[in-house]
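Respectively, the protein sequence lines represent chains S and V. When you read off a place in the first sequence, starting at 1, and then add 5, the result is the number in this note's numbering. When you read off a place in the second sequence, starting at 1, and then add 217, the result is the number in this note's numbering. Just so you know, even glycine gets a beta-carbon here, dropped at the ideal spot from N, CA and C. Reading through the structure tokens given below for one structure.
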Amino acid sequence: MTRETSLDGFESAPRWIVVFLGAYVAVNLFVLYVWSTAGQVFSIQATSGSTSALSVTGMTAVELWLCLVVLRSFPAGAPLRSTWMLLTIAAAARAASGVITEFLGTNGLLNPLVWPEQPKSGLIEQIRYLALIAGGPVRLALLAAAMLAVLRILGKFGFRVRPAIGDWAVSGIVCMFTLARFGEACAASLAGRPIGQEDWISLAGLPILCVLSLEAMLLCRSVARMGHGLVCRGWVALGYGILFTVAGEVALWVLPRYSQTLPLTMFCAFLPPTIASVFALVPAYQLVAQRRAMRPAGSPPEDLPEAVPELAQ
Amino acid sequence: MHTRSAALMAYCDAETSATRSRRIARHLAKCESCRDQLRRIETEKKELSAGAVAPAIGGRRDLAGVLSAMAAWQGGRSWAASELNSRLRRQIETYFGSPAVRVVERPGIRAEELLGETSEMLDVFLGPDAAEAVRDDCLSGLSFAGPAGETCR
């Protein structure tokens, strides 16, 4: 059989992702240090938002590219093709949402929609909301469908797990958080305070997040039944990516009640790129496993006896 | 990595699937050694159909030779089965982990069955090309035909 002999840099993709995240965290910590020693003369919130969004969009673009490479290795009819297709579309939705929200959905000078004499502010808002829907509830629904497909396949191979108390507890906390958010929105609505479209979009994603949290717990435990092999790492990363997303949503709701400055800023600066990196690790680890399998075989093992009977050959 | 004789024979007899035939043809276009092997197979096939080859068993001594070769083959086969089992175990550990070995390797499972189950898992989780490459590595130098009837040596 012929075998692909040229190995590319995909095998080191997870390392590069982690190095990028480490560098991002280091630079941000340095900026925070400079900010605090320089007497906090400017608003720290202004410095962190754009770099965080840029790194998240960049990392999502990397995830999309890696997902496309993985998707090509699963032909039509392969059981995991639909899962990788959903993961690729989810990454595409997130990347498109990031680009549109940070580029076409802003009033910045780089946005061509603000160049005419009468800027199309209504159109800009609509584009922004569509991008938020694509990167929010739509992406979460795609991830939920992908996770369900993986769980089914894992079950088929004997790695099925039933929800344990811990799984129900995590899912219960997310459900309570969802109810609290909906209750808050209802109370605001009854009090006559307007609820922004961004809040509605965020609320629409919360029920899906409840399902996703349960699926993520089940995925992590199913994969733990398999072991810690190369294939498992990617699926564990997917489970943790979802759990970090859920934790981020809860923390972003809780933190502003206690702090408005440094902890919240640090959280907003570090968490989104971390989550984006964890999601990028999913196709990266899958590629490591695939490339390892395709690596040309070396010399035969030394323990092979030479006296294999002629007829057996 | 070369195409195995069994696969070349199947290719010669047009018994391989269209995809596999294309793959073998692509390899043959590049590999002189496999082309020679294919030529030898074709020549032997022609000689056999023309009756040019003398019968292999001519007497009692020849029969004893065949029996001893069969015994040797059986010994080699059991060695090959245990070797294949240990190779498959290593691959499952590498790609899935040690607990997966316990799930897949049921007591009393034969090497061919383990090969089939491992191939199916690798096929699902890694994709067909990567799975085939792993399968080839496992079967390399052993007298087992893969589930698709094609292995490497």
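Rounded to whole angstroms, what is the Cα-Cα separation between residue i and residue j?
{"i": "A256/S", "j": "R157/S", "result": "31 Å"}
{"i": "N302/V", "j": "G160/S", "result": "24 Å"}
{"i": "G333/V", "j": "I309/V", "result": "13 Å"}
{"i": "E68/S", "j": "R230/S", "result": "26 Å"}
{"i": "A81/S", "j": "M338/V", "result": "17 Å"}
{"i": "Y312/V", "j": "R300/S", "result": "14 Å"}
{"i": "I241/V", "j": "S336/V", "result": "20 Å"}
{"i": "R306/V", "j": "R323/V", "result": "12 Å"}
{"i": "R304/V", "j": "T279/S", "result": "38 Å"}
{"i": "R144/S", "j": "L92/S", "result": "9 Å"}
{"i": "V32/S", "j": "A298/V", "result": "56 Å"}
{"i": "G140/S", "j": "L286/S", "result": "19 Å"}
{"i": "S102/S", "j": "R352/V", "result": "41 Å"}
{"i": "F164/S", "j": "E220/S", "result": "14 Å"}
{"i": "D279/V", "j": "S285/V", "result": "10 Å"}
{"i": "A312/S", "j": "G358/V", "result": "Residue confidence for A312/S is low, a pLDDT of 37 falling below 50, so the modelled location carries little weight; the figure read from the coordinates is stated next. So the two alpha carbons sit approximately 11 Å from each other."}
{"i": "V74/S", "j": "A328/V", "result": "33 Å"}
{"i": "W296/V", "j": "C248/V", "result": "31 Å"}
{"i": "S250/V", "j": "G63/S", "result": "48 Å"}
{"i": "L128/S", "j": "R243/V", "result": "54 Å"}
{"i": "A224/V", "j": "L331/V", "result": "21 Å"}
{"i": "Q291/S", "j": "V236/S", "result": "6 Å"}
{"i": "V259/S", "j": "L195/S", "result": "22 Å"}
{"i": "S87/S", "j": "P345/V", "result": "15 Å"}
{"i": "V320/V", "j": "L265/V", "result": "47 Å"}
{"i": "S238/V", "j": "A267/V", "result": "26 Å"}
{"i": "S304/S", "j": "E300/V", "result": "Reliability fails at S304/S, whose pLDDT of 40 lies under 50, so the model's placement of it is uncertain and the value that follows must be treated cautiously. Going by the C-alpha atoms only, they are around 16 Å apart."}
{"i": "Y134/S", "j": "F108/S", "result": "13 Å"}
Determine, using beta carbons only, whether residue i and residue j come nearer to each other than 8 Å.
{"i": "P227/V", "j": "Q295/S", "result": "Position check: residue 227/V holds Ala in this sequence, whereas Pro was assumed. No, Cβ-Cβ distance for A227/V and Q295/S is not below 8 Å."}
{"i": "F272/S", "j": "G246/S", "result": "no"}
{"i": "I22/S", "j": "A289/S", "result": "yes"}
{"i": "A151/S", "j": "A100/S", "result": "no"}
{"i": "S78/S", "j": "A274/S", "result": "no"}
{"i": "L248/S", "j": "V341/V", "result": "no"}
{"i": "V251/S", "j": "E16/S", "result": "no"}
{"i": "L208/S", "j": "F187/S", "result": "yes"}
{"i": "A281/S", "j": "A350/V", "result": "no"}
{"i": "L147/S", "j": "I206/S", "result": "no"}
{"i": "S60/S", "j": "Y29/S", "result": "yes"}
{"i": "A317/V", "j": "G14/S", "result": "no"}
{"i": "P168/S", "j": "L223/S", "result": "yes"}
{"i": "Q254/V", "j": "S222/V", "result": "yes"}
{"i": "A98/S", "j": "C72/S", "result": "no"}
{"i": "S315/V", "j": "G177/S", "result": "no"}
{"i": "K262/V", "j": "C229/V", "result": "yes"}
{"i": "G239/S", "j": "L276/S", "result": "no"}
How would you list, in chain order, the residues of chain B whose beta-carbon sits under 7 Å from the beta-carbon of residue i?
{"i": "M338/V", "result": "The structure shown contains no chain B; the protein chains it does contain are S and V."}
Taking only three categories from DSSP, how would you classify residue i?
{"i": "A231/V", "result": "coil"}
{"i": "C369/V", "result": "Because C369/V sits at a pLDDT of 40, beneath the cut-off of 50, its placement in the model cannot be relied upon, and the point is left open."}
{"i": "Y263/S", "result": "coil"}
{"i": "C248/V", "result": "coil"}
{"i": "V24/S", "result": "helix"}
{"i": "V179/S", "result": "helix"}
{"i": "V166/S", "result": "coil"}
{"i": "I158/S", "result": "helix"}
{"i": "I247/S", "result": "helix"}
{"i": "P345/V", "result": "helix"}
{"i": "I200/S", "result": "coil"}
{"i": "L332/V", "result": "helix"}
{"i": "T7/S", "result": "Below a pLDDT of 50, predicted positions are generally treated as unreliable, and T7/S, at 42, falls in that range; the measurement from the model is reported next regardless. Note: T7/S maps to coil in three-state DSSP."}
{"i": "P212/S", "result": "helix"}
{"i": "A81/S", "result": "coil"}
{"i": "L359/V", "result": "coil"}
{"i": "A242/V", "result": "helix"}
{"i": "A289/S", "result": "helix"}
{"i": "G325/V", "result": "coil"}
Tell me whether residue i, by its Cβ, gets closer than 7 Å to a heavy atom of the ligand FAD.
{"i": "A151/S", "result": "The ligand content of the structure shown is nil, which means the ligand FAD is not present either."}
### Task
Could you run through the region 72-84 of chain S and flag, in chain order, every residue whose CB is less than 7 Å away from some CB of chain V?
Cβ contacts with chain V come from S78, F79, P80, A83, P84.
### Positions along the region 228-247 of chain S whose CB lies within less than 7 Å of some CB in chain V
Flagged, chain order: R230, M231, G232, H233, G234, L235, V236, C237.
### Message
What are the residues in the region 290-301 of chain S lying within 9 Å of chain V by C-beta distance?
### Response
For the region 290-301 of chain S, which is checked against every Cβ of chain V, the residues closer than 9 Å are Q291, A294, Q295, R296, R297, A298, M299, R300, P301.
### Message
Quick check: the region 225-242 of chain S against the region 198-211 of chain S, are at least 3 beta-carbon pairs closer than 8 Å?
### Response
In this structure the region 198-211 of chain S does not lie against the region 225-242 of chain S, because fewer than three pairs of beta carbons, one per stretch, are closer than 8 Å.
### Query
Would you call the region 167-174 of chain S and the region 140-159 of chain S in contact, with 3 or more CB pairs under 8 Å?
At 8 Å Cβ cutoff, the stretches do not touch.
### Query
Using a beta-carbon distance cut-off of less than 8 Å, what residues from the region 147-171 of chain S approach chain V?
Listed in sequence order: I158, F162, G163, F164.
### Query
When Cβ atoms are compared, which residues of the region 226-260 of chain V fall closer than 9 Å to chain S?
Taking a C-beta cut-off of 9 Å against chain S, the contacting residues of the region 226-260 of chain V are R240, I241, R243, H244, K247, C248, listed in chain order.
### Message
Check whether the region 229-244 of chain S and the region 209-216 of chain S touch, using three or more Cβ-Cβ pairs below 8 Å as the test.
### Response
The region 229-244 of chain S is not in contact with the region 209-216 of chain S.
### Task
Output, in sequence order along the chain, the residues in the region 299-321 of chain V whose CB is closer than 7 Å to any CB in chain S.
Per Cβ criterion, the list reads E310, T311, Y312, F313, G314, S315, P316, A317, V320.
### Query
What residues in the region 343-360 of chain V bring their beta carbon closer than 9 Å to a beta carbon of chain S?
Against chain S - using a Cβ distance shorter than 9 Å - the residues of the region 343-360 of chain V are L343, G344, P345, D346, A347, A348, E349, A350, V351, D353, D354, S357, G358, L359, S360.
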